[in-house]
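In this note's numbering, the protein residues as written are 211 to 741.
Idealized CB from N, CA, C, for every residue including glycine.
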Ligand SMILES: [Zn+2]
């Protein structure tokens, strides 16, 4: 089978990349899904029969205006685009009234958790995601070669690529003794592991500096690891040290790391998550633009919700959980206990699904006391309980500025299940609400930010655009109907308006029905292919 990247003339790719640079303003640029279950047997290798997608309106991912055209797919690759007549033995998909776009690339996905047990990844497929980029927030499968081989051998519905996680590498070297700076010897071991993972095809280095064990690393340690990723043409992607009061300081640290390691960098799920930084989206965008002017290549991804989901411990930066004043301050900064929804709480099912304000009212206790009990039961000595919170801590106006910004792409920050609706609703939400209802950006630009922009950023030179020679990752949807339906009460509710999702030329969603085909591939950083 032909490899699409060689079908696409290098000169044309340079043109595309150049267009992208111009387009980004010179920025170097209700149904619930099955979860868990027993491990499945490898599926038969999906067969990519020839397809003709006829009568649709193409939005090609480059930002160009839509046009009516047909798309021919042969051997998993886009063969031809134009006014086409069906060939013999070709399946015709009627795309009349539908938008035909490249498959969406999720630049911050947690689909690696449980993928082998849930390889159909229905909640990703149904929203049009054809490539999920995992190994985020500093956590990756180690060694990556085994994980990518397993993805390829077991067959999954969508393409998977991964970063090497700084936190995973740090844990492998420092074990339980991680609450300190690394020694020179430990750093050397970490760098060797990063090198090994880059050689296995990692897209770059991810970090989660707000979480254990990344929290305890110095900027210099991250710079040294990022330098190794840079050597292999990778990028640095980070859940920054603080997304609340010190968000801008944390973005500056990321820019500093990019500068010192000479590596392109991306802020993961960019947000301004406390009352002290609300309204600072323009200042944040200026910070990024200024860095780009100085030759430091900084971008970001964002999910379209004003609430985040994480563990309750991130409400305060302190690790002294007896400090009532610190908890109170943290609560004030997210706008109070009404903004904190306890979405997961295994020690007491009665509390799950309620806000801290509701629990306080029902129990007659104050919110800080309740937090401390939750933390004791889930993070204390010998605790076995689990917790998760959904916190409405961002402002819609800041979010809209990020969503409209030409160099910011989209991500779900979601897995195959979970209690935040972003995991099932992100892409249809952008298309239905931010494009159609609120006119925050055009459909052409939204598609570009879901496809070619992330493809270029992640180093995929054969995906992200509807151009002959590219791999046939294709989504068909109704621009007048597409919308998310997932909510915090029903976080896995399927979106509507998407009817076909084609991965490597094989329909995985076919006229609204999951086919059970699993044509996804493990994607490795393309420097490997260039060797
Ligand atoms: Zn994160």
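Does residue 465 come out as helix, strand or coil in the three-state DSSP assignment? helix
Please state if the CB of residue 625 and the CB of residue 320 are separated by a distance shorter than 9 Å. yes
Using CA atoms only, rank isn't needed, just tell me which of 519, 574 and 623 is closest to residue 600. 519
So, are the CB atoms of residue 285 and residue 732 less than 9 Å apart? no
Neighbour-count burial assignment, residue 376, 16 or more Cβ in a 10 Å radius: buried
Hey, is residue 418 close to ligand 1, as in C-beta under 8 Å from one of its heavy atoms? yes
Using the Cα positions of residue 283 and residue 258, report the straight-line distance between them to the nearest angstrom. 9 Å
So, are the CB atoms of residue 191 and residue 548 less than 9 Å apart? Outside the shown range of the chain (211 to 741) lies residue 191, about which nothing can therefore be said.
Can you list every residue whose CB sits closer than 5 Å to some heavy atom of ligand 1, going in chain order? 347 and 449
Do residue 346 and residue 373 have their C-beta atoms closer together than 9 Å? yes
Determine the contact status of residue 264 and residue 304, defining contact as a CB-CB distance below 9 Å. yes
Between the Cα of residue 498 and those of 306, 482 and 465, spot the shortest distance and give me the residue it belongs to. 465
Are the beta-carbon atoms belonging to residue 316 and residue 612 less than 9 Å from one another? no
Looking at ligand 2, does it come within less than 8 Å of residue 364, judged from the CB to the closest heavy atom? Here the bound small molecules are ligand 1; ligand 2 is not part of this structure.
At which residues does the beta strand (DSSP E) containing residue 280 begin and terminate? 280-284
If we call anything under 9 Å between Cβ atoms a contact, is residue 515 one with residue 610? no
Residue 573 in three-state terms, based on DSSP: helix
Rounding to the nearest angstrom, what Cα-Cα distance links residue 402 and residue 644 in this structure? 44 Å
Could you spell out where the beta strand (DSSP E) holding residue 381 opens and where it closes? Premise fails: residue 381 lies in the alpha helix (DSSP H), 376-384, not in any beta strand (DSSP E).
Would you please state the rounded distance, in angstroms, between the beta carbons of residue 343 and residue 668? I believe it to be under 8 Å. 6 Å
Taking residue 648 as the reference, give the member of 607, 532, 432 and 670 with the closest Cα. 607
Under 9 Å between the Cβ atoms of residue 440 and residue 462? no
Nearest-angstrom beta carbon gap, residue 367 and residue 718 [assumed within contact, 8 Å]: 5 Å
Per DSSP, what kind of secondary structure is residue 364 in: helix, strand or coil? helix
Is the separation between the beta-carbon of residue 324 and that of residue 635 shorter than 9 Å? no
Take residue 272 as the anchor and find which of 553, 340 and 680 has the nearest alpha-carbon. 680
Chain-order list of residues whose beta-carbon lies under 6 Å from that of residue 277 (same chain, five-residue window excluded): 268
Count the other CB atoms within 10 Å of the CB of residue 505; is the residue buried (16 or more) or exposed (fewer)? exposed
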